[in-house]
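Peer 1: After the structure tokens below, expect a handful of questions from me.
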Amino acid sequence: MGIDAGLDAVPTLSKGAESDELPKSPSPRSDLFEVQQIPGRGRGLIALRDIAKGTRIISETPLLIVKSMPQPALEKTLAAKLKVMSKEQQRQFLSLHNNHPGQYAFGGIVKTNALPCGSGSSTGGIYPTICLINHSCLPNSHNNWNDDHKTETIHAIKPIQAGEEITIDYSHGDPSHIRQQHLRQSFGFDCQCTVCSLPQRELKASDTRRLQTQRLDDKIGDPTRMLSQPGASLADCRSLLRLLEEEYGEAPASSAARLYYDAFQISVAHSDRPRASMFAERAYRARIVCEGEDSPLTQRMKRFMDNPASHNNFGVYSTKWKGSDKYSPSSLNTTEFEAWLWRRAN
Ligand SMILES: [Zn+2]
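Just so you know, we're using our numbering here: the sequence shown kicks off at 5 and counts up by one.
Next comes the structure, spelled out in structure tokens:
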């Protein structure tokens with residue numbers, strides 16, 4: 005992650021375990037990508053052939069997993085974990101970029117490279133290959149923790165051409181000045197991706213869209229509004245989808261999955277079975293793209309698609325959309341169907 009350190013500069017541990025004490029992490033053998041030195045970006049993953057959207061590029065078990073804790077305790081924990089690793093695993097860990105050099109050398113590597121084991125998790129994982137994937141504010145891939153398999157997966161969220169770098173998003177979709185500061189402070193680089201390199205005027209338009217998406221996201225998450233103005237909440241979900249399409253070319257699958265699940269929850273809370281099922285299906289399809297069929301969240305969406313009423317909040321706000329059971333959208337053309345789905349007047 006970020007610009008990794010040259011191997012020559014890496015310290016060695018005095019008491020490394022022999023390489024046969026633990027199974028080695030598999031070296032990244034893949035016909036999809038190879039690790040290359042990229043000028044100005046350290047190591048990165050380059051696609052060896054065209055990769056279709058939704059392809060699982062890699063699934064990797066962590067070298068180590070750590071909980072968030074104060075620096076001195078973390079350093080001790082990491083030293084103990086490193087001691088029982090194979091020499092190869094130690095080399096993989098120590099060769100990762102450290103943007104926080106100083107007293108806590110191991111902790112600095114973790115701080116620079118750890119990926120959370122699930123959304124909002126205080127536990128993070130370090131990976132020999134996945135931590136080499138560089139950032140883009142317009143990424144072509146998505147990283148996800150699969151809690152069933154205890155692996156981190158990377159999926160192509162758009163078609164990737166042979167020779168193209170595989171990228172993920174280290175930021176949170178913030179406007180440029182916020183995300184660039186975050187990338188500089190946390191990872192030590194100035195982002196020069198296609199979005200950050202836009203002419204001033206276009207960058208400003210992008211910033212405005214990113215701000216609007218965050219505001220809409222907050223509004224959609226407001227349960228009071230979902231209760232009293234579900235139609236408006238649903239309209240916000242659709243506006244968010246359009247904004248994401250404008251900003252990213254197509255809505256990133258992970259964002260699409262979240263907003264379709266929001267639309268599902270609004271429909272469920274007001275007892276609208278057919279729309280809830282349709283939104284769950286869209287969330288399911290988006291999750292397949294960015295997490296794969298075997299992701300627990302993908303499977304959860306599938307269950308809701310098949311039986312929306314199995315959700316705990318079914319009918320919890322009202323039964324006012326229950327009448328939707330009575331008509332079928334199957335005879336509608338695409339435009340009519342979208343109008344029906346989002347409860348828009350034709
Ligand atoms: Zn950028």
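The C-beta atom is built at its ideal place from N, Cα and C for all residues, glycine as well.
What residue range does the alpha helix (DSSP H) around S271 cover?
Peer 2: 257 to 273 is the span of the alpha helix (DSSP H), which, as asked, contains S271.
Peer 1: What I want to know is whether the C-beta of C200 ends up closer than 7 Å to one or more non-hydrogen atoms of ligand 1.
Peer 2: Checking the Cβ of C200 against ligand 1 gives yes.
Peer 1: For the alpha helix (DSSP H) containing F37, list its first residue and its last residue.
Peer 2: First-last for F37: 37 to 42, but that is the beta strand (DSSP E), not the alpha helix (DSSP H).
Peer 1: What I want to know is whether the C-beta of C135 ends up closer than 7 Å to one or more non-hydrogen atoms of ligand 1.
Peer 2: No; taking the cut-off as 7 Å, the Cβ of C135 has no heavy atom of ligand 1 nearer than that.
Peer 1: In the structure shown, what three-state DSSP assignment does V293 receive?
Peer 2: The answer is helix: DSSP assigns V293 an H, G or I state.
Peer 1: Counting only the same chain and skipping the five closest in sequence on each side, list residues whose C-beta sits under 6 Å from that of D152.
Peer 2: Within the same chain, D152 has close Cβ partners P300.
Peer 1: Please go through the region 172 to 233 and give each complete alpha helix (DSSP H) segment of 4 or more residues, from N-terminal end onward.
Peer 2: DSSP runs (the alpha helix (DSSP H)) wholly in the region 172 to 233: 180 to 191, 204 to 224, 227 to 232.
Peer 1: In chain order, what residues of the same chain lie with their CB nearer than 6 Å to the CB of S275, ignoring the 5 residues before and after it?
Peer 2: Excluding sequence neighbours, S275 sits near G319, T323, W325, K326.
Peer 1: DSSP three-state label for W149, please.
Peer 2: W149 falls in the strand class under three-state DSSP.
Peer 1: Measure how close the beta-carbons of I170 and A84 come, nearest whole angstrom, since I'm counting them as under 8 Å.
Peer 2: About 33 Å separates the two Cβ atoms, so there is no contact after all.
Peer 1: Rank R307, S140, N147, P132 by C-alpha distance to the C-alpha of C121 and give the top, closest one.
Peer 2: Minimum Cα distance to C121 is reached at N147.
Peer 1: Whole angstroms is fine: what's the gap from L49's alpha carbon to I137's?
Peer 2: For L49 and I137, the distance between alpha carbons rounds to 6 Å.
Peer 1: If distances are taken between C-alpha atoms only, which option among T65, R307, C195 comes closest to S281?
Peer 2: Comparing Cα positions, the closest option is R307.
Peer 1: Looking only at its own chain, which residues have a Cβ that is under 6 Å from the Cβ of I113, when we skip the five neighbours before and after it?
Peer 2: Taken in chain order, the residues that qualify are L100, N102.
Peer 1: Can you tell me the Cα-Cα spacing of I72 and T338, whole angstroms?
Peer 2: It should be noted that the sequence gives Ser, not Ile, for residue 72. Cα-Cα distance, rounded: 48 Å.
Peer 1: Pick out whichever of R291, D310, A239, Y265 has its Cα sitting closest to the Cα of A257.
Peer 2: Comparing Cα positions, the closest option is R291.
Peer 1: Less than 8 Å separating the beta-carbons of P74 and I130?
Peer 2: Going by C-beta atoms, P74 is not nearer than 8 Å to I130.
Peer 1: Is the Cβ-Cβ distance between R214 and G253 less than 8 Å?
Peer 2: Taking 8 Å as the Cβ cut-off, R214 and G253 do not qualify as a contacting pair.
Peer 1: Contact defined as beta carbons within less than 8 Å: I believe A239 pairs with W346. What is the distance between those atoms, to the nearest angstrom?
Peer 2: The Cβ separation is near 7 Å, so the contact holds.
Peer 1: Nearest to Y264 by CA position, among A273, E250, L247, E285, is which residue?
Peer 2: For the residues A273, E250, L247, E285, the minimum Cα distance to Y264 belongs to E285.
Peer 1: Give me the Cα-Cα distance between P227 and R304, rounded to the nearest whole angstrom.
Peer 2: Cα to Cα, P227 sits roughly 22 Å from R304.
Peer 1: Within the continuous beta strand (DSSP E) that includes G48, where are the two ends?
Peer 2: Unbroken beta strand (DSSP E) run through G48: 46 to 51.
Peer 1: How would you call P203, buried or exposed, if buried means at least 16 neighbouring beta carbons within 10 angstroms?
Peer 2: Counting Cβ neighbours within 10 Å, P203 comes out exposed, since fewer than 16 surround it.
Peer 1: Run through the DSSP bridge pairs and tell me what C243 is partnered with.
Peer 2: Correcting the residue type first, residue 243 is Ser in the shown sequence and not Cys. Answer by DSSP bridge pairing: none, since S243 is not bridged.
Peer 1: Out of curiosity, what's the CA-to-CA distance linking L220 and P234?
Peer 2: If you take the alpha carbons of L220 and P234, they lie about 14 Å apart.
Peer 1: So, does the region 53 to 61 touch the region 79 to 93, judging by three or more C-beta pairs under 8 Å?
Peer 2: Too few Cβ pairs lie closer than 8 Å, so no.
Peer 1: Rounded C-beta distance between D54 and I164? I'm assuming under 8 Å.
Peer 2: With a Cβ gap of about 7 Å, D54 and I164 count as contacting.
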